[in-house]
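The opening position of the sequence shown corresponds to residue 3 in my numbering, with each subsequent residue numbered one higher.
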Amino acid sequence: MSENTVLQKQAVVKPPVLDKKTLQGNILKGHGRPFASHILVRFNLRFPNTARAWLKNFAKKKVTSAYEQELTAQIRKSKSDMDRSVQETLFAMVLLSAEGYRVLDLEKYMPTDKNALFVDGMGSRWEALGDPPPQARNSPYDHPIHAMLILAHADYETLKVEERAILQQLRRFCSIVHVEEGKRLVRRFLKGTNGTNGNTAIVQQSSGLTEEKPVEYFGFADGVSQTPAPAQTNGHYEIASSINGNSSELDPFNHALLQETGMDTYGSFCVFRKLEQNISLFREQVTHLVKTKQFTEEDSAGASIIGQYPNGTTAKVPKENTHVRKMQNLAANSPQIVRRGMPYNDADRYLYTASGETPPLSEQGAGLLFISFQADLDSFERLQRGAIDKTAPGADALLGREHALVTLKGGEYFFAPSLSFLNQLEVDAFTLEDGQVNSLSNQEFILKIRELYRADEFTLKKFGSYWAKGDRMAAIETLGVDPPAFDRFYAYLVPLMSLLDAHKVEPYQSQKRRTVWKLEAPDEPLRKKVIEAFAKTISDPKKLERFAQQWSENRNGAIESIGLSPEEHDTFYEYLMGFGVNFYVFFPL
């Protein structure tokens, strides 16, 4: 074979092309926000269309791409410190578990890893990972988790506003398993030291001589949460904190990304684990090492367990089973994983202050929300199995089972699908054309909902008893509505939910109405007027969209636009509320 032939064959082999506009953020680069909400979701089996429609709409309007994340970072760098707050935006991403793919009828698109670890979920791997058995876990991690949404922002209050709005939408068609809050902890250290100098006064008075670093709840920078890239000289060598596509050592196609089934786009497997740190036991071990004269001060004693000093400087300790040293040795023969953890504190009773003061400590309820991304879940499992391996030099001093310094509270394996995948989700929605209902089943649905507005007290009480408890499907069935038809109707309303949620409908506040929940039934003319307003609005997509937009901006103006006065609307609404039927603007939302 000639040299030219070899060159021609080599030229044919091209590296994969990565379109960052289709890849979710937080994989190649951490989201960088100090506050994050991790919403754990379980879908309702009777609302598959609504769930797919919601994910599709959420991806379009909220999810952050790797491209957007990169662009935002560039803008932030170009602005002065004074201007940066203006540029802060919400970060959002979507992760699906294997069971989530099944419930959404997306099993044919489920990603596959080398040893089929994703398909059975993290719970099935408890023995190999050294975890407590699934049956030993407490709520909320004793229930299946179908998806996790990550929301993050620089401003805590803004994040909570976004979170509440999303939860309000989700609760209509799924269960919220739990919301885990992550909060970055920061501590100041004197420059040019290993962080063992505890002179807080010097730190406070000489800010120019200090540096600020993220810490975890054992008080160490990086610790078990944030870690630098392997090329650096400190930190956890099993982890890359970011990926540079130009570096062969950190090639995203080898370490973090997997091509999606049947598509030319990429996603990434995600490991999520809530790890509680036993702070009291850690302090006891540190105190013991000092009292027995093995170390002269506490930070050095702690470094003998962690493998680094408080500010992140690698400790020169003899033990080979410190966390950092153990992971460094394992990483030499293991693929890289990309770590994106954040500290959590369930009680939120203490934080490390910017001045470096030592906070009061809690015995439980604080630790790390461990998140890692990898092209294959075996990359994570190999590191975890190595950490708990008791053979020489011994189990990880931090993660080893017998030490109990870190305890798993729960978790799951997820996959971060591409934005292309989410945007192409198939939805069998309630559809309308040219202002007309285009199927007999949809016509029947509207007719039965209209009849609710004419219903007697017995029917309203029966319907309301389910609706008030959040069991919308059971309530709808009392009217004889086919559940799939209601699922399609919800899928139809999904794009407008955030607009319709902009104003909660509140009953009149007058003493007269507060004392008379059993209001007189509205007269027939008002019933007819309400039914006509509902039918005309719900049957015309363009009119419904205009109404929803106006409702979000001007509640009374929106009500008047469909031929009702605000008083007529509120009178009828409060009548329904008396039976637990808290429809939104007469729509079963």
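C-beta: ideal position from N, C-alpha, C; glycine also.
Predicted model, so just to flag it, every value in this text is computed and none were measured.
Going straight from the alpha carbon of residue i to that of residue j, what length do you get?
i           : j           : result
residue 478 : residue 485 : 7 Å
residue 190 : residue 346 : 20 Å
residue 578 : residue 91  : 39 Å
residue 144 : residue 107 : 23 Å
residue 128 : residue 388 : 14 Å
residue 18  : residue 426 : 22 Å
residue 552 : residue 378 : 48 Å
residue 215 : residue 575 : 54 Å
residue 523 : residue 503 : 27 Å
residue 493 : residue 481 : 20 Å
residue 230 : residue 270 : A caution first: residue 230 carries a pLDDT of 30, below 50, which makes its placement in the model too unreliable to give a value.
residue 74  : residue 105 : 35 Å
residue 424 : residue 61  : 6 Å
residue 266 : residue 530 : 54 Å
residue 172 : residue 103 : 17 Å
residue 2   : residue 109 : Any question about residue 2 goes unanswered here, given that the chain covers just 3 to 591.
residue 72  : residue 31  : 8 Å
residue 291 : residue 192 : 24 Å
residue 277 : residue 407 : 10 Å
Helix, strand or coil for residue i? Go by DSSP, reduced to three states.
i           : result
residue 409 : strand
residue 178 : strand
residue 46  : coil
residue 88  : At residue 88 the pLDDT is 44, less than 50, meaning the model places this residue with poor confidence; the figure from the coordinates comes in the next sentence. In this structure, residue 88 counts as helix in the three-state DSSP scheme.
residue 582 : coil
residue 217 : strand
residue 455 : coil
residue 171 : helix
residue 143 : coil
residue 376 : strand
residue 29  : coil
residue 483 : coil
residue 270 : strand
residue 77  : helix
residue 41  : strand
residue 1   : No information on residue 1 is available, as it lies outside the stretch 3 to 591 that the chain covers here.
residue 571 : helix
residue 429 : coil
residue 35  : coil
Using C-beta distances below 6 Å, list every residue in its chain close to residue i, excluding the 5 sequence neighbours before and after it, in chain order.
i           : result
residue 272 : 97, 375, 416 and 418
residue 476 : 468
residue 48  : 475 and 485
residue 111 : 263
residue 380 : 116 and 117
residue 133 : 410
residue 186 : 36 and 216
residue 554 : 501 and 504
residue 422 : 24 and 267
Beta-carbon within less than 7 Å of residue i's beta-carbon, same chain only, minus the 5 sequence neighbours each way: which residues are those?
i           : result
residue 490 : 51, 430, 431 and 432
residue 180 : 42 and 142
residue 539 : 545, 546, 549 and 564
residue 557 : 505
Roughly how far, in whole angstroms, is the beta-carbon of residue i from the beta-carbon of residue j, given that I think they are within contact range, below 8 Å?
i           : j           : result
residue 413 : residue 275 : 4 Å
residue 168 : residue 44  : The pair is not a contact, with the Cβ atoms about 15 Å apart (cut-off 8 Å).
residue 119 : residue 68  : With a Cβ gap of about 25 Å, residue 119 and residue 68 do not count as contacting.
residue 390 : residue 590 : Wrong, their Cβ atoms sit about 51 Å apart, outside the cutoff.
residue 383 : residue 130 : 6 Å
residue 342 : residue 28  : 6 Å
residue 566 : residue 535 : 5 Å
Is the beta carbon of residue i within less than 8 Å of some heavy atom of the ligand MN?
i          : result
residue 35 : Ligands displayed in this structure: none; no statement on the ligand MN is therefore possible.
In its own chain, which residues sit with a C-beta less than 8 Å from the C-beta of residue i, not counting the 5 before and 5 after it?
i           : result
residue 498 : 546, 547 and 550
residue 428 : 54
residue 454 : 461, 462, 465, 481 and 583
The segment 53 to 61 in contact with the segment 279 to 295 per 3-pair CB rule at 8 Å: no
Validate contact between the segment 146 to 154 and the segment 31 to 39 using beta carbons, cut 8 Å, 3 pairs: yes
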